[in-house]
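**Student:** Provided herewith is a single structure, encoded as C-alpha cells, for subsequent inquiry.
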Amino acid sequence: MRAFQIIFSLIIFCSTLACSQDRQKKSAQKETYPIMKTDEQWQKQLSKEAYSIMVKKGTERPYQNPYWDNHQKGFYVSAATGDTLFTSDTKFESGTGWPSFYKPYNEKAVKVVSDRSLGMVREEVVESKTGLHLGHLFDDGPKPTGKRYCMNSYALKFVPAK
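Numbers given in the numbering used here equal positions in the sequence shown, counted from 1, plus 21.
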C-alpha cells in the first residue's frame, strides 16, 4: 500500500510539473519582441549549436565551448542579431565552465525572465530584441554587482578589440 502511495504521488507531481511547463511555454509564446522569426527562419540563420541553445533553450557542455577560457579583449555579440551584449572587461573566471560576466554591456540589450523548467525556478537571460535564450543569471558573482550572467558560448560571437 505504501509503494502505491509513493507511485501515485510521483505521478501527480510529474503531471503537475508537465502542466506548469506547458503553461509557461504558452505564456512565453504570447510575449512579443521587435524581431520575431519562425523556428525555420532561425534554423537557417543560426549555427546548429546556436539554434539548439537560443531557440530550443538548450545548453552546451561546460568547459567544452568556445569562450569559457577566452582571455582576449573584445566584445561578445549576439549570434542572432550581432548586437553587443557583453564585454571582456566584465568577464570573470566563475569556475563553472561557461563564460560569465558580472554585467551586460548595455542593460537594455538583455532581459531577465522567469524560467520554471526542470522543476526549478531560475532567472533566464534572453536577448531583448528577439527573446532568444542566452543563459541564466545568478546572485553569486563578484563585486560591484554580485551578479553572474552565465552565458552559453554558442549564443555569442566574439569580436576582438581593435
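Heads up, the beta-carbon is just placed ideally off N, CA and C, and yes, glycines get one too.
(1) Quick check on the burial criterion: 16 or more other C-beta atoms within 10 angstroms. Buried or exposed for Asn86?
(2) If the criterion is Cβ atoms closer than 8 angstroms, does the pair Val142 and Lys132 meet it?
(3) Helix, strand or coil for Glu114 per DSSP?
(4) So, under 8 angstroms CB-CB, Lys150 and Asp104 are touching, yes? Tell me the CB distance rounded to an integer number of Å.
(5) Is it right to say Leu139 is buried, meaning 16 or more other beta carbons lie within 10 angstroms of its own, or is it exposed?
(6) So the alpha helix (DSSP H) Lys178 belongs to, where does it begin and stop?
(7) Please list, in chain order, all residues of the same chain as Asn127 whose beta carbon is under 6 angstroms from its beta carbon, the five residues on each side excluded.
(8) For Val180, tell me which candidate among Thr53, Gln62, Ser135 and Tyr88 has the shortest Cα-Cα distance.
(9) Identify the residues that DSSP records as bridge partners of Tyr84: which are they?
**Tutor:** According to the structure shown:
(1) So Asn86 counts as buried.
(2) no
(3) coil
(4) 7 angstroms
(5) exposed
(6) No alpha helix (DSSP H) contains Lys178, which is instead part of the beta strand (DSSP E) from Leu177 to Pro181.
(7) none
(8) Tyr88
(9) In the DSSP output, where bridge partners are listed per residue, Tyr84 has none listed.
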